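Asker:
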Amino acid sequence: EKIKDSVKKPLSSLRVAQHTGCHLVRPKKLIEKDDPENPTLLKELIKLTGAKPLDYMDEAECCGNPIIGVNESIPFQMAKEKLEHIRAVGAQALITVCPFCHMMYDLNQPRIERAFNEKFNIPVLHYPQLLGLAMGFTPEELLLNELRVKPADLLNEFQRGRE
Numbered sequence: 001e002k003i004k005d006s007v008k009k010p011l012s013s014l015r016v017a018q019h020t021g022c023h024l025v026r027p028k029k030l031i032e033k034d035d036p037e038n039p040t041l042l043k044e045l046i047k048l049t050g051a052k053p054l055d056y057m058d059e060a061e062c063c064g065n066p067i068i069g070v071n072e073s074i075p076f077q078m079a080k081e082k083l084e085h086i087r088a089v090g091a092q093a094l095i096t097v098c099p100f101c102h103m104m105y106d107l108n109q110p111r112i113e114r115a116f117n118e119k120f121n122i123p124v125l126h127y128p129q130l131l132g133l134a135m136g137f138t139p140e141e142l143l144l145n146e147l148r149v150k151p152a153d154l155l156n157e158f159q160r161g162r163e
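The sequence shown: position 96 = 96 (our numbering), numbered continuously.
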C-alpha cells in the first residue's frame, strides 16, 4: 500500500520485461517469498508503478554474470538469448533488482551486441529507478543518463503518455 500511495505519475504507457535475478528467489528454502521457477514478486512491484510487466520465454533463467570472469562467451550467449526473448515481446525496458544482473544487461549489452553483430538497444533500469519515475522524480534525479544503454525512446514514450 505504501508503494501504491507514493505513485503520483503512473507509468501506464510503459511495457517492461523483468529479470528477477537468482539471489532474490534462491535458495528457495531460505527465501520462501517467491517461486524461483515462476517468480511473480517483481511483476507485482512493477504493476504498482502502473507499468505493464510482460511475460517472456526463459525469464527465470540466470543472467550468467557469476561466471563471466571464467568464460565470457557462455554468459554473453545466455544474455543474448534473454535479450532476444525480451525484444520479441516488445518490451521498452528491462527492470532488474540485482546490481550484478544490471551490470550484465546494461554495462555488457554493447559488448554482447558486438560479439553477435546484433542490436538490442534495450534500456535496463533498476526497480527503484522505475518507481522513482512513477513517484515523479526526474530522469536526471534518477541518474538515467548514467545508464550504458540510453533510455531515450523509453523517456520519449513516457513523456508522450503524460501529454
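For glycine and all other residues, C-beta sits at the position ideal for the given N, C-alpha and C. All values reported here derive from a predicted model rather than from experimental measurement.
1) Using the Cα positions of ALA93 and VAL124, report the straight-line distance between them to the nearest angstrom.
2) Taking only three categories from DSSP, how would you classify ARG148?
3) Run the CB neighbour count on GLU59, radius 10 Å, all protein chains shown included, and call it buried at 16 or more, exposed below.
4) Three or more beta-carbon pairs under 8 Å between the stretch 32-52 and the stretch 73-85, yes or no?
5) Hey, which unbroken runs of the beta strand (DSSP E) at 3 residues or more fall wholly within the stretch 61-99?
6) Candidates ASN121, THR96, ALA152 and PRO151: which alpha carbon is nearest CYS62's?
7) On a Cα-Cα basis, can you pick out the residue from ASN38, ILE68, ASN71 and GLY69 that is closest to ASP55?
8) From the DSSP output, which residues share a beta bridge with LYS2?
9) Under the three-state reduction of DSSP, which class applies to LEU14: helix, strand or coil?
10) If you reduce the DSSP assignment to three classes, tell me which class LYS119 lands in.
11) LEU41 lies in the beta strand (DSSP E); which residues open and close that run?
12) Whose C-alpha, out of ASN108, GLN129, ALA134 and MET135, is nearest the C-alpha of LEU144?
13) Secondary structure at PRO139, three-state DSSP: helix, strand or coil?
14) For VAL149 versus ALA91, is the C-beta spacing smaller than 7 Å?
15) Looking at the strands, I want to know which residues DSSP matches up with LEU155.
Answerer: According to the data block:
1) Position 93 of the sequence shown, counted from the first residue, corresponds to residue 93. Position 124 of the sequence shown, counted from the first residue, corresponds to residue 124. Approximately 6 Å between the Cα atoms of the pair.
2) In the sequence shown, the residue the question calls residue 148 occupies position 148. Reduced to three states, the DSSP call for ARG148 is coil.
3) Within the sequence shown, residue 59 is the residue found at index 59, counting from 1. Result: buried.
4) no
5) 93-96
6) In the sequence shown, residue 62 corresponds to position 62, counting from 1. Of the listed residues, the one whose Cα sits closest to CYS62 is THR96.
7) Counting from 1 along the sequence shown, the entry for residue 55 is found at position 55. Here the closest residue by C-alpha is ASN38.
8) For the purposes of this step, residue 2 is taken as residue 2 along the sequence shown, with counting starting at 1. LYS2 pairs with nothing; no bridge assigned.
9) As a first step, residue 14 must be located in the sequence shown, where it is residue number 14. Coil, per DSSP.
10) Taking the sequence shown and counting its residues from 1, one reaches residue 119 at position 119. Reduced to three states, the DSSP call for LYS119 is coil.
11) On the sequence shown, position 41 is the one that residue 41 refers to. Here LEU41 belongs to no beta strand (DSSP E); instead the alpha helix (DSSP H) covers 41-48.
12) On the sequence shown, residue 144 is found 144 positions in, with the first residue counted as 1. Minimum Cα distance to LEU144 is reached at GLN129.
13) Start at 1 with the first residue of the sequence shown, and residue 139 comes out as number 139. Here PRO139 sits in coil by DSSP.
14) As a position in the sequence shown, residue 149 is number 149, starting the count at 1. As a position in the sequence shown, residue 91 is number 91, starting the count at 1. Not in contact: VAL149 and ALA91 (Cβ atoms no closer than 7 Å).
15) Position 155 of the sequence shown, counted from the first residue, corresponds to residue 155. The partner list for LEU155 (beta bridge, DSSP) is empty, contrary to what the question assumes.
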